[in-house]
Amino acid sequence: MQKSVLLICFSLVLMLFSAKAQYINTDSLIVVEGLDLGCLISELDSMEIYSPELLPDNLAQESITSGYLLSMFSMPGSGHVISRFGPRSGRMHTGTDIKMNKGDTIYAAFDGIVTRRQYYHGYGNMVVLDHGNNIETYYAHLSGYLIKDGASVEMGEPIGLAGATGRATTSHLHFEIRENGKPYDTELVFDFENGKTRGKVATVENLAELHKELKPKGYSVNQPVSQKYVVRSGDSLYKISKRTKTTIKSLCMLNDLKETSILQIGQVLTVY
Ligand SMILES: [Zn+2]
């Protein structure tokens, strides 16, 4: 009897220790081979859009996040969902929009470290928290910051104030959850209406698994929506990148082109 109690205590301590150990994390988006911060920022600058070059194939898929960590959370803000994750006007909306009033407090969803706290063209003032285990949350369109860059925050700690900075027509929180840089539907994790996490969260190892378990309606796979662009007379990769609001790098990657490649009129390009 005493032996089993001891064993349980020992495993609990071990669990706590390993959760703590996994928690320490460097910014996986920056250290990925072949990916630099410049690329990341220009992509974020471009829009709230799923950017395939943020997810190179060589990205290590060693997802070790336990649902245990995800199940300890705080709602980022109170308000109803006004726009869901998924394809929107031919683009991927990579987060969930929660209606809030200007100046409403935004809270850290989980314990984490502030890895970015700055203005990005589409997102406006944004805070990014790294929660370890390659999980990050994004809080965008803020009207003010309540934390410093590099600070550690606890779940439920105020981090910013709601607003409509960047590309936003009304004050709201654009909230994202990413694993290995890939955005997932935050509504897989959170039940915003009832202010709690989904029951399934605690039973999965990572967000990819959670997505498989709770495949949301409205989109069959968590994939970007591709669009086609037909090359016209006088087009260049630069002009097409401006017109389709993407980057030359993305166009080259998706279409197996070099920046110096000659385009043919009528050539069909894939664009995200
Ligand atoms: Zn949004």
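Note that numbering that gives the first Met the number 0 has the sequence shown beginning at 0, numbered continuously upward. Each residue gets a CB set at the ideal place from its N, CA and C atoms; glycine is no exception.
Out of Ile261, Tyr118, Ile247, point me to the one whose CA is closest to Gly273's CA.
-> No answer is possible for residue 273: the residues shown for the chain start at 0 and end at 271.
Excluding the 5 residues preceding and the 5 following Leu253 in the sequence, name in chain order all residues of the same chain whose CB lies nearer than 6 Å to its CB.
-> Thr269
Is the beta carbon of Tyr122 sitting closer than 8 Å to the one on Ala139?
-> yes
My understanding is that Val113 touches Ala150, with C-beta atoms under 8 Å, so please give their C-beta distance in whole angstroms.
-> 5 Å
Quick one: measure Cβ to Cβ for Met125 and Leu141, integer angstroms, because I've assumed they're closer than 8 Å.
-> 7 Å
Hey, could you find the ends of the beta strand (DSSP E) Ile97 is sitting in?
-> 95-98
So which of Glu186, Ser82, Gly76 has the shortest CA-CA distance to Gly102?
-> Gly76
If you count every other CB in all the chains shown that lies within 10 Å of the CB of Ile48, and 16 or more means buried, which is it?
-> A caution first: Ile48 carries a pLDDT of 37, below 50, which makes its placement in the model too unreliable to give a value.
Tell me whether Asp96 counts as near ligand 1, meaning its Cβ is closer than 7 Å to at least one heavy atom of that ligand.
-> yes
Between His210 and ligand 1, is the CB less than 7 Å from at least one heavy atom?
-> no
Inspect the CB distances between the segment 83-100 and the segment 171-188 and report whether three or more fall short of 8 Å.
-> yes
Pull up the DSSP beta-bridge partners for Tyr255, would you.
-> It should be pointed out that residue 255 corresponds to Asp in this sequence rather than to Tyr. BP columns for Asp255 are empty, so no partner.
Length of the line joining the Cα atoms of Ser232 and Ile264 | 6 Å
On a CA-only basis, which of Lys238, Asn133, Met74 is nearest Arg177? Give me that one, please.
-> Asn133
Nearest CA to the CA of Ala167: which residue from Ser249, Asp184, Asn100?
-> Asn100
Spatial neighbours of Phe191 within its chain, please: CB distance less than 6 Å, with the 5 preceding and 5 following residues excluded, ordered by chain position.
-> Val80
Does ligand 1 have a heavy atom nearer than 7 Å to the CB of Ser77?
-> no
Could you tell me whether the Cβ of Gly102 comes closer than 8 Å to any Cβ of chain D?
-> Judged by its chain identifiers, the structure shown contains no chain D, having just a single protein chain.
Does DSSP put Glu153 in a helix, a strand or coil?
-> coil
Please confirm whether any heavy atom of ligand 1 lies closer than 7 Å to the CB of Ser82.
-> yes
Work out the CA separation of Val200 and Leu69 for me, nearest whole Å.
-> 7 Å
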